[in-house]
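Everything below concerns the one structure shown next.
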Amino acid sequence: MKTGKMIEELAAAVDAVRPLPPPSIRTAAWLALSLPFLALVVVVMSPRADMFARLMDTRFLVEQAAALLAGVAAAYAAFVSTIPGANRKLLLLPVFPFAVWLGTLGLGCLQSWLRSGPHGLALQPDWVCFPMIMLVGSLPAVAIVTMLRRGAPLSPCTTIALGGLAAAGLGNFGLRLFHPQDASIMVLVWQVGSVLVLATLAGCLGRQLFNWHLVKGNSSPMQR
Amino acid sequence: MSVVRNLIDDAGLAELMRAVQGGDSSAYRRLLADIVPRLRHLIKRRRPFLNSEDVEDLTQDVLLSLHAVIATYDPQRPFMPWLLAIMHNRMADAARRYVRRSSHEVQVAEVPVTFFDDPTNWTSEEHGDPEALRQAVAALPKAQREAVEMLKLRELSLKEASTQSGASIGALKVSAHRGMAALRKALARGQSR
Chain S
2 MKTGKMIEEL
12 AAAVDAVRPL
22 PPPSIRTAAW
32 LALSLPFLAL
42 VVVVMSPRAD
52 MFARLMDTRF
62 LVEQAAALLA
72 GVAAAYAAFV
82 STIPGANRKL
92 LLLPVFPFAV
102 WLGTLGLGCL
112 QSWLRSGPHG
122 LALQPDWVCF
132 PMIMLVGSLP
142 AVAIVTMLRR
152 GAPLSPCTTI
162 ALGGLAAAGL
172 GNFGLRLFHP
182 QDASIMVLVW
192 QVGSVLVLAT
202 LAGCLGRQLF
212 NWHLVKGNSS
222 PMQR
Chain D
-15 MSVVRNLIDD
-5 AGLAELMRAV
5 QGGDSSAYRR
15 LLADIVPRLR
25 HLIKRRRPFL
35 NSEDVEDLTQ
45 DVLLSLHAVI
55 ATYDPQRPFM
65 PWLLAIMHNR
75 MADAARRYVR
85 RSSHEVQVAE
95 VPVTFFDDPT
105 NWTSEEHGDP
115 EALRQAVAAL
125 PKAQREAVEM
135 LKLRELSLKE
145 ASTQSGASIG
155 ALKVSAHRGM
165 AALRKALARG
175 QSR
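These protein sequence lines are chains S and D, in that order. Just so we're aligned: 181 in this note's numbering is position 180 of the first sequence, and the numbers increase by one with no gaps anywhere. Just so we're aligned: 19 in this note's numbering is position 35 of the second sequence, and the numbers increase by one with no gaps anywhere.
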C-alpha cells in the first residue's frame, strides 16, 4: 500500500480518545481495585491470630512496608514503561524498596544466625507460599495486564515482568497477614523467591501478553 | 536557530496531536503528512543500508503503531520525543525480525530443486509450456478462470478481486481452489499424452 493511501485510511479511521492518565493516577486506580480484593482474601483466609502483636513489631512493619512499596513502585514503573518518550530511569524505581526488603530480611537472617548458629537458618518446606501469593496476586495481575495493554508495548518483557512483580509484591504483602511465617530465611527463600519466580515467568510471557497487535487503542483500518 | 525552529515545529505538531486526540481527521491527515518525510529522513540516516522499499515499510509501521497508541500522548509534553520513541522501538523490532529471519535462511547461488521428490518440481522442469497453460486456463469455467487470473496471475488481493468481480471473498477462494485443481489435472493429462 502507498503511504499516501495509508494516511487517508488512518485519518478516516481516527476516533476521539481520552489521553491516558499519568502513571501515578493509573497506579492509584490499580491499587484501588487490588487492595479491596486483597482485604477480601485476607478475611476469607482468616487473619493470623498474632496480628496485633505483629503490628507492634517494627521489623514486621518495615518488611511489610517494603514489600508493599516494592509492589507499588513496580506498578508505577510498569505504567511508565508504556509511555513513549518517558524517562526510562524511572523503571529502576522498585530497586530501592526491593533492596530495603531484602536488606531487612538479610539482617533478620544474620541475627538468627548470631543467636542460634546454623540452626537459626534451617530451611523447612513451605510450598503453600507460591500458590497463596498467586491467589492474592491474581486479580491485581489481571487488572494490571489489562491496564498496561492500553499503553505502548515498547519493552513488553520488562513491562510485564514489572507488572508481575507488582502483583506478586502485593500478593506477598497480603500473604503475611494470614500466613504466620516470620523466620527471615523462610520469608527470603519461599516468599521473596516466589515473588521473583512469578515476576520472571511473567517477563517470559511478555511478548505473548503485550505486543503491538494487542494494544487496546485506536484500531487500525488494516485490521478491520 | 535550528533549535528555535524545532521548538516551533514541535509546538505546531503537538497542537495538531491534541486535535487528533479530539477525533479531528483533517488535523490527523496534516500531522501524518508532516511527519512522514521526517520519518523517512531519520530512518534513512540511521539505517543507510536499507533500500527505499524497506524505508517505506518501516515508515508505515511507525504510522500504524502511532495510530494504535494515540492515547499515550500526553498533551502537556512535546510531540517529537514521543514520536521518536515509537520510531526507535519499531526500528529495533524490525532489526530483530531481520536477524531472526536471516538466521533461518541459507544463502545459495541457485536453488536447483524445491524439494527432493520429483513430483514437487514439476512446475520448473516439466511444464514449461506457456501455450498449454494458456489453453488450460481458457478451458476453465468462467468463474474459475476469472478467479485464477485475478488471484494467481495478476496477484490481486482477495479484497481487490472481490471488488473488481463483484463475487464474495468466499466464492473467489472456492473458485480459485477448484480452478487450480482443474489446471493441475489438465496439465498432467497433457504431459502423459
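Even glycine gets a Cβ: it sits at the ideal position worked out from N, Cα and C.
Annotation for valine 101(S): the continuous alpha helix (DSSP H) segment containing it runs 96 to 117.
The criterion of a C-beta distance shorter than 9 Å is satisfied by leucine 16(D) and isoleucine 8(S).
In this structure, Ala168(S) is the residue among Val44(S), Ala168(S), Pro23(S) and Leu62(S) with its C-alpha nearest to the C-alpha of leucine 34(S). Note on the region 118 to 145 of chain S: there is no whole beta strand (DSSP E) run with a minimum of 3 residues. In this structure, isoleucine 134(S) lies near valine 196(S), with their beta-carbon atoms less than 9 Å apart. Taking a Cβ-Cβ threshold of 8 Å, the residues of chain S close to tyrosine 12(D) are Leu11, Ala12 and Val15, in chain order. Distances from the alpha-carbon of threonine 83(S) to those of Val146(S), Val190(S), Asp183(S) and Pro181(S) put Val146(S) closest. Taking C-alpha positions only, serine 141(D) is separated from serine 159(D) by approximately 14 Å. If you check each beta-carbon in the region 88 to 99 of chain S against every beta-carbon of chain D, none falls closer than 7 Å.
CA-CA distance, leucine 155(S) to histidine 72(D), rounds to 9 Å.
Nearest CB-CB separation between valine 20(D) and chain S: below the 9 Å threshold. Comparing C-alpha distances from alanine 162(S) to each of Pro141(S), Asp183(S), Gly109(S) and Ala79(S) shows the shortest one belongs to Ala79(S). Every alpha helix (DSSP H) stretch that sits fully inside the region 23 to 106 of chain S and reaches 4 residues is listed by chain position as 24 to 46, 52 to 56 and 59 to 81.
Note that the region 177 to 191 of chain S does not touch the region 205 to 214 of chain S; fewer than 3 beta-carbon pairs, one per stretch, sit closer than 8 Å.
In this structure, proline 85(S) places its C-beta atom within 9 Å of the C-beta atom of valine 53(D).
By a beta-carbon distance limit of 8 Å, threonine 105(S) contacts arginine 60(S). Their separation comes to about 7 Å. In the structure shown, the three-state DSSP call for aspartate 45(D) is helix. No Cβ of chain D is located within less than 9 Å of the beta carbon of isoleucine 145(S). Look at aspartate 18(D) here: in three-state DSSP terms it is helix. For methionine 7(S), the chain D residues whose Cβ falls inside 7 Å of its Cβ are Gln44 and Leu47, in order along the chain. For arginine 19(S), there is no enclosing alpha helix (DSSP H), as DSSP marks it with neither H nor E. Using a Cβ distance threshold of 9 Å, valine 193(S) and leucine 171(S) do not count as a contacting pair. When secondary structure is reduced to three states using DSSP, phenylalanine 63(D) falls in the coil class, being assigned neither helix nor strand. For glycine 194(S), the enclosing alpha helix (DSSP H) starts and ends at 194 to 205.
Residue contact check for arginine 84(D) against chain S: no CB pair falls below 9 Å. The distance from the Cβ of leucine 92(S) to that of threonine 4(S) is about 33 Å, inconsistent with a contact at the 8 Å cut-off.
Fewer than three Cβ pairs drawn from the region 1 to 8 of chain D and the region 198 to 205 of chain S lie within less than 8 Å of each other, which leaves the two stretches out of contact. Chain order gives no chain D residues near valine 81(S), where near means a beta carbon separation below 9 Å; the closest approach is about 11 Å. Counted as a single uninterrupted DSSP element, the alpha helix (DSSP H) harbouring lysine 6(S) occupies residues 4 to 14. Taking the Cα positions, glutamate 130(D) is about 17 Å away from alanine 170(D).
Within chain D, not a single residue places a beta-carbon under 8 Å from that of valine 45(S); the smallest gap is close to 36 Å.
In terms of beta-carbon proximity, leucine 140(D) stays away from the interface with chain S, with every pair separated by 9 Å or more. The beta carbon of proline 22(S) sits closer than 8 Å to those of Ala30, all from its chain and outside the five residues before and after it, given in chain order. Chain order gives the chain D residues near glycine 152(S) as Val53, Ala55 and Thr56, where near means a beta carbon separation below 9 Å. Sequence-ordered contacts of the region -8 to 6 of chain D with chain S read Val4, Gln5 and Gly6 [C-beta pairs closer than 8 Å]. By the C-beta density criterion, histidine 180(S) is buried, having at least 16 other C-beta atoms within 10 angstroms.
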